[in-house]
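Chemist:
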Amino acid sequence: MTNLMLIEDKISSIKKYLKILERYKKLSRKEIEQNIDLRGAVERYLYLVTQATIDLAETIIAYKKFRKPTTYSENFDILKEETVISTDLTKNMIDMAGFRNIMTHDYDKLDYKKIYDVLKNKLTDIEKFVKSVSKYLSI
97 MTNLMLIEDK ISSIKKYLKI LERYKKLSRK EIEQNIDLRG AVERYLYLVT
147 QATIDLAETI IAYKKFRKPT TYSENFDILK EETVISTDLT KNMIDMAGFR
197 NIMTHDYDKL DYKKIYDVLK NKLTDIEKFV KSVSKYLSI
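Going by my numbering, the first residue of the sequence shown is number 97, and it counts up by one from there.
1. By how many angstroms is the C-alpha of isoleucine 198 removed from the C-alpha of arginine 135?
2. If you run the structure through DSSP and keep just helix, strand and coil, what is serine 169?
3. Out of Leu123, Leu206, Lys126, Leu152, state which residue places its alpha-carbon closest to the alpha-carbon of serine 108.
4. Here's a check: name, in chain order, each residue in its chain whose Cβ is nearer than 8 Å to the Cβ of serine 228, leaving out the five neighbours to either side.
5. Less than 8 Å between the CB atoms is what I'm expecting for alanine 193 and serine 169, so what's the real figure, rounded?
6. Under 7 Å Cβ to Cβ from leucine 215, same chain only, skipping five residues before and after it: list those, please.
7. From what residue to what residue does the alpha helix (DSSP H) around arginine 163 run?
8. Less than 8 Å between C-beta atoms, sequence neighbours within five positions excluded: which residues of the same chain meet that for isoleucine 110?
9. According to DSSP, is aspartate 207 part of a helix, a strand, or is it coil?
10. Going by CA-CA distance only, name the one from Asp204, Glu178, Arg125 that's closest to tyrosine 232.
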């Protein structure tokens, strides 16, 4: 599989996860928080969409032969330097990378107010990211 095909595959996965998460946006924080199955599904798909976004950034960097990042967050700084994404979007994507780290390493202490905020208000940043990279790569 070529890097461009991998990029298209990542974009497809991200769109699929966003579509799934859209269903959960209709629920209240209390409904999700009190239902262990819903909570687990929301957490899992938020993790998957943020990880896929980081993977997409890494794949674009490799495909375009940009400098190598040393952290997940740096992927987005590099894409900003190369004018793939805007400064505002960069900050928001760095925040999402930090959120992914919390979900991965502090999973037993998750703040549901933060999770619900990401679900309701931050997924549009991922949509903007996908649009920006798609436009940049003409795909």
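The C-beta atom is built at its ideal place from N, Cα and C for all residues, glycine as well.
Just so we're clear, the structure is a prediction, and the values are computed from it rather than from any experiment.
Modeler: Inspection of the coordinates gives the following:
1. The count along the sequence shown starts at 1 and reaches residue 135 at position 39. The count along the sequence shown starts at 1 and reaches residue 198 at position 102. Answer to the nearest angstrom: the Cα atoms are 16 Å apart.
2. For the purposes of this step, residue 169 is taken as the residue at position 73 of the sequence shown. Reduced to three states, the DSSP call for serine 169 is helix.
3. As a working mapping, residue 108 is identified with position 12 in the sequence shown. Serine 108 has its Cα closest to that of Leu152, out of Leu123, Leu206, Lys126, Leu152.
4. The sequence position of residue 228 within the sequence shown is 132, counting from 1. Around serine 228: Val180, Ile181, Ser182, Leu185.
5. Working through the sequence shown from its first residue, we reach residue 193 at position 97. Working through the sequence shown from its first residue, we reach residue 169 at position 73. Confirmed, about 5 Å.
6. What you label residue 215 is simply residue 119 of the sequence shown in a count that begins at 1. Once the five neighbours on either side are set aside, the close Cβ partners of leucine 215 are Leu117, Tyr120, Lys121, Val138, Leu142.
7. The sequence position of residue 163 within the sequence shown is 67, counting from 1. Looking at the DSSP string, arginine 163 is not in any alpha helix (DSSP H), and its letter there is neither H nor E.
8. For the purposes of this step, residue 110 is identified with residue 14 of the sequence shown, where counting begins at 1. Excluding residues within five positions, the ones whose Cβ falls inside 8 Å are Val145, Ala148, Thr149, Leu152, Ile222, Val226.
9. Locating residue 207 in the sequence shown gives position 111, where the first residue counts as 1. Of the three classes helix, strand and coil, the one that applies to aspartate 207 here is coil, per DSSP.
10. Taking the first residue of the sequence shown as position 1, residue 232 is located at position 136. Of the candidates Asp204, Glu178, Arg125, the one whose C-alpha sits nearest the C-alpha of tyrosine 232 is Glu178.
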